[in-house]
Amino acid sequence: MNLSRRSALAAPFFIRNLISAPPSDRVRLASMGASAMAYATLHGIATHPSVDLVCVADVDTSRNGRVAATYPKATLHQDWRKMLKREHKNLDAVCVGTPDHMHAPQAMTAMRYGLHVYCQKPLTSHVHETRQLTRYAQSKGLITQMGIQIHSFAEYQVAVNLVQSGVIGKVKEVHAWSNKKWGDLEPRPSTSDPVPSTLDWDGWVGVGRPESYIKDYCHPGNWRKRLEFGTGTFGDMGCHVYDPVFGALGLTAPLTVRAEGPAPTANNWAINAIVKYVYPGTPFTDGKTVPVTWYDGDARPSAEVEALVEGAKWPGTGSVIIGTKGVMLLPHFTMPQLFPRAQYADFRLPEIKANNHYHEFVEAIKGNGKTSTAFSYSGPLSESVLLGSLATRFPNTTLEWDSAKLRFKNEKAANVFLKRRYRAGWKVMGLG
């Protein structure tokens, strides 16, 4: 059989495997990133007995130590593009655990090689990227999973079950929050520092706007605060905390989104955001629309909402789902609590077994079932979260969203922030 690589990319998954897979049921994995959440991701997948970690790329070679010690057979690379070009015929799947701005180019490049993708949250840093990844994965029949691993925990599965079985009635409104503060009020320093010899700084910046290196300002940990590279507190935690709400209610795209609170600075996300959505109603909601509100930093729901949980410990991160019959408090992440207490005194939570989110991805590749947060689900979830972050750029403005046309109806200035312009040398077909 003599098929070109282009033909292989266009062929169904099973044909691609006939061309490139070894005569076994091994799943050959590459990782974008070697440490922190990238390591947790690759290790979570590689603990499946059918997985071989083939190669890893990290722009900072000083962060390779743990993966090198645990997976000595994996080859180490500094340039992920060169790694994929060299190794794609020896791979079946890729996991992406890099900063937010690199999720889309790495995931799309891998998928264009015909590889299945596990990508950390949020799926991308811009709404247009998310939509393009979702469409491409579906068009090629690729196995995908977003790294909201708590989706597979029993705690969140129980919460979804309670809502969908009507235990608290039809849902009237939702409030969700996180006390993290991935923002910065200070201007970007005008100084710069020498780039460490172990770091490919241009490769770290990647598709982003070039800027000088400042020690600890972005790499390795503070990039979430920066408009160019991260998505703030909401981007970090929204995909986790909104997930059981989004899934339980069967939400789609919002009708409107409105931010109240401080706007980002020239370079950094703000903190203490309040983002108010209105979604179309679903069979699980009360009325034609349902409001869902996000809070971060020190912002919190009103005293009236807090009073509904009857003095229960208010978690640093979590949500309150208010129904026509009762109220659910869902801490991030422990079992849900139901109120009024007297009404649910004899109620017993259903027993639901947790799944292994990472291994679910592997099993789906092997043809055993489906992933629970494929891009077809996690794409729309990520879009909602990213729209909320974007809305903070336009405080106290109700943005009317046209999901089909991927634009705001009433604020043309906001449409500029839906899509990233990739810099020269970093463009990826279908994205920038």
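Heads up, the sequence shown is in numbering that gives the first Met the number 0, so the first residue is 0 and it goes up one at a time.
Backbone N, C-alpha and C define an ideal beta-carbon position, used for all residues, glycine too.
Every value quoted in this text rests on a predicted model; they were computed, and no experiment measured them.
If you draw a straight line from the Cα of residue 280 to the Cα of residue 207, it is about 37 Å long.
Here residue 306 has no same chain residue with a Cβ atom under 8 Å from its own Cβ, once five neighbours each way along the sequence are excluded. For residue 31, the three-state secondary structure derived from DSSP is strand.
Judged by DSSP in its simplified three-state form, residue 218 adopts coil rather than helix or strand. Taking all protein chains shown into account, residue 303 has fewer than 16 neighbouring C-beta atoms within 10 Å of its C-beta and is therefore exposed. The secondary-structure analysis by DSSP pairs residue 275 across a beta bridge with 257, 292.
Here DSSP, grouped into helix, strand and coil, assigns residue 245 to helix.
Judged by DSSP in its simplified three-state form, residue 177 adopts strand. One alpha carbon belongs to residue 237, the other to residue 187, and they sit about 25 Å apart.
Following the DSSP letters along the chain, one finds residue 76 in no alpha helix (DSSP H) but inside the beta strand (DSSP E) bounded by residues 74–76.
Close CB contacts of residue 209 within its chain, under the 6 Å cut and outside five residues either way in sequence, are absent. 9 Å or more divides the Cβ of residue 410 from the Cβ of residue 254. Taking C-alpha positions only, residue 340 is separated from residue 397 by approximately 37 Å. One Cα belongs to residue 322, the other to residue 71, and the distance between them is close to 53 Å. In the displayed model, residue 356 falls within a helix according to three-state DSSP.
By the Cβ criterion, the segment 209–228 is not in contact with the segment 237–247, since fewer than three pairs of Cβ atoms, one from each stretch, lie closer than 8 Å. Residue 170 is bridged by DSSP to 284, 322. A distance of 9 Å or more separates the beta carbons of residue 204 and residue 250. Leaving aside the five residues that flank residue 356 on each side, the residues in its chain whose CB is nearer than 6 Å to its CB run, in chain order, 148, 151. By the CB criterion at 9 Å, residue 181 and residue 224 fall inside the cutoff. Three or more beta-carbon pairs separated by less than 8 Å link the segment 94–103 to the segment 27–40, which places the two stretches in contact.
Looking at the DSSP output, residue 400 shares a beta bridge with 407. The three-state reading of DSSP puts residue 343 in coil, since its state is none of H, G, I, E or B. Taken through DSSP and simplified to helix, strand or coil, residue 424 comes out as coil.
Shown here, residue 52 sits in a strand according to DSSP, grouped into three states. Residue pairing by DSSP places residue 145 opposite 118 in a beta bridge.
Residue environment analysis places residue 345 among the exposed positions, since fewer than 16 neighbouring C-beta atoms fall within 10 angstroms of its C-beta.
The beta carbon of residue 369 is closer than 6 Å to those of 363 in its chain, skipping five residues each way along the sequence. The shortest CA-to-CA distance from residue 117 to any of 316, 228, 37 is the one to 37. The DSSP assignment places 102–111 as complete runs of the alpha helix (DSSP H) inside the segment 93–138, in order along the chain (cut-off: 4 residues). Leaving aside the five residues that flank residue 361 on each side, the residues in its chain whose CB is nearer than 7 Å to its CB run, in chain order, 26, 44, 47, 49, 50. Beyond the five residues adjoining it in sequence on each side, residue 101 comes within less than 6 Å, by CB distance, of 205 in the same chain, given in chain order. Apart from the 5 residues on each side of it in sequence, residue 104 sits with its Cβ closer than 6 Å to the Cβ of 206, 427 in its chain, given in chain order. Judged by beta-carbon spacing, residue 157 lies beyond the 9 Å limit of residue 320, meaning their Cβ atoms are not closer than that value.
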